[in-house]
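In what follows, a structure is listed as structure tokens, so that the remarks can point back to it.
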Amino acid sequence: MTSASGSSLVPLVLGMVILFPLALVGMFAGISKLLAAIGGWGRVAERYRARAPVSGRRFSMQSGQMGLVNYRNTLTITVTPEGLHIAILPLFRIGHPPLLIPWTAMRNGRRKRLFWWQLVAFDIGEPRLATLAVPAALFEGRELPI
Numbered sequence: 713m714t715s716a717s718g719s720s721l722v723p724l725v726l727g728m729v730i731l732f733p734l735a736l737v738g739m740f741a742g743i744s745k746l747l748a749a750i751g752g753w754g755r756v757a758e759r760y761r762a763r764a765p766v767s768g769r770r771f772s773m774q775s776g777q778m779g780l781v782n783y784r785n786t787l788t789i790t791v792t793p794e795g796l797h798i799a800i801l802p803l804f805r806i807g808h809p810p811l812l813i814p815w816t817a818m819r820n821g822r823r824k825r826l827f828w829w830q831l832v833a834f835d836i837g838e839p840r841l842a843t844l845a846v847p848a849a850l851f852e853g854r855e856l857p858i
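Residue numbering for the sequence shown is 713 to 858, as defined by our numbering.
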């Protein structure tokens, strides 16, 4: 009787070993897509999705905020002559394709302070698709978007 009950546990354990990681990956993907929708990344990507690699001054492991969603130390932001190229770390990229936001699409630039961080916040697009706040150092030597 012991061997029969022990052998009936094998499919259950194997099922859990396989299904649990799949459920975690599915939840992670769903949450990532939900955050992209809540913050506005998806709306911005419809219009300003990056189509090719860019070159410029690159800032890795940056923090930012799009809409209500904070991206802490997960952004790579490249300052290019065309605008800001923003990519999230590959692990978190589900629902977050890289963006190239043209300088001309940035409106209502304003300086913000969050604790000890100096930020620049601006609206993206006309009409506004989302609001983005990024480190002020990205705008060093450049005028804020009007």
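Here a beta-carbon is modelled for each residue, glycine too, at the ideal position from N, C-alpha and C.
Residue i, buried or exposed, once every other Cβ within 10 Å from all chains shown has been counted against 16
| i | result |
| --- | --- |
| Thr790 | buried |
| Gly776 | buried |
| Ala741 | exposed |
| Met713 | Here the model assigns Met713 a pLDDT of 45, short of 50, so the residue's position is not dependable and the matter cannot be decided. |
| Ala762 | buried |
| Trp753 | buried |
| Gly795 | buried |
| Ala849 | exposed |
| Pro839 | exposed |
Limits of the unbroken alpha helix (DSSP H) element including residue i
| i | result |
| --- | --- |
| Val756 | Trp753 to Tyr760 |
Limits of the unbroken beta strand (DSSP E) element including residue i
| i | result |
| --- | --- |
| His797 | Gly795 to Ile800 |
| Gly807 | Gly807 -> no beta strand (DSSP E), and no H or E assigned at all. |
| Leu780 | That residue, Leu780, is in no beta strand (DSSP E); it is neither H nor E in DSSP. |
| Val766 | Segment: none, Val766 is in no beta strand (DSSP E) and carries neither H nor E. |
| Met844 | Per the sequence presented here, residue 844 reads as Leu, with Met not at that position. Where Leu844 is concerned, the enclosing beta strand (DSSP E) stretches over Ala842 to Pro847. |
Alpha-carbon to alpha-carbon, residue j and residue i
| i | j | result |
| --- | --- | --- |
| Ser767 | Pro802 | 19 Å |
| Ile750 | Pro723 | 39 Å |
| Leu721 | Pro814 | 58 Å |
| Gly738 | Tyr783 | 20 Å |
| Leu831 | Ser772 | 16 Å |
| Val846 | Ile743 | 23 Å |
| Pro809 | Leu780 | 18 Å |
| Gly834 | Pro733 | The identity of residue 834 in the sequence shown is Phe, whereas the question assumes Gly. Phe834 and Pro733: Cα-Cα distance of roughly 39 Å. |
| Ile798 | Leu811 | 5 Å |
| Thr843 | Met778 | 6 Å |
Bridge-paired residues (DSSP) for residue i
| i | result |
| --- | --- |
| Met873 | Residue 873 cannot be examined here, being either before or after the span of the chain that is shown, 713 to 858. |
| Gly776 | Tyr783 |
| Leu826 | Trp829 |
| Phe771 | Ile789 |
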